[in-house]
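Take a look at the structure below.
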Amino acid sequence: MSINSNKRLYLKGHEVSVVGSHSGRSNSWYLRILWSDKLGFSYYKSFHNDIEDPSSYEEACKVAKYIESKGYIHPDKLDADGKKIWSKDFYPHKRFLVTTAD
Numbered sequence: 007m008s009i010n011s012n013k014r015l016y017l018k019g020h021e022v023s024v025v026g027s028h029s030g031r032s033n034s035w036y037l038r039i040l041w042s043d044k045l046g047f048s049y050y051k052s053f054h055n056d057i058e059d060p061s062s063y064e065e066a067c068k069v070a071k072y073i074e075s076k077g078y079i080h081p082d083k084l085d086a087d088g089k090k091i092w093s094k095d096f097y098p099h100k101r102f103l104v105t106t107a108d
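Heads up: the sequence shown is residues 7 to 108, going by this note's numbering.
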């Protein structure tokens, strides 16, 4: 089986969450899906910006809505550079979908 397979996971009952991480004057936003207690998915691209610039959060929300509108993900698909689009997070922690700050 090719790593760039056409396998689809349908999002039925799962949502794409925009999760933030705030440190100093910067924000980072990540797209994550909690599939089960044993599996989560993280989107390969993170979105970064200054704390006063909401554009990266808006872009992350736009991508999340697009993925949800498709209704599925390709968990093993690669981008043009050969990087996995979705990383698998086995046994995600309780705060997998929680925004954090330091």
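Glycine included, C-beta positions come from ideal geometry on N, C-alpha and C. Just so you know, these numbers come straight off a predicted model, no measurement behind them.
- In this structure Asn12 is exposed. Its beta-carbon is surrounded by fewer than 16 other beta-carbon atoms within 10 angstroms.
- Within the stretch 40 to 64, the complete beta strand (DSSP E) runs of at least 3 residues fall at 45 to 49, 53 to 56.
- A buried status is given to Tyr49, since no fewer than 16 other beta-carbon atoms sit within 10 Å of its beta-carbon.
- Remark: fewer than three beta-carbon pairs, one from each stretch, lie closer than 8 Å, so the stretch 61 to 74 and the stretch 84 to 99 are not flagged as touching.
- Here the alpha carbons of Glu65 and Ile57 stand approximately 15 Å from one another.
- If you look at Phe102, you'll find it isn't in any beta strand (DSSP E); DSSP assigns it neither H nor E.
- By the neighbour-count definition (other C-beta atoms within 10 Å, threshold 16), Phe96 is an exposed residue.
- Counting along the chain, the unbroken beta strand (DSSP E) around Gly26 starts and ends at 23 to 29.
- Cβ-Cβ distances below 6 Å link His99 to nothing in the same chain once the five nearest sequence neighbours on each side are left out.
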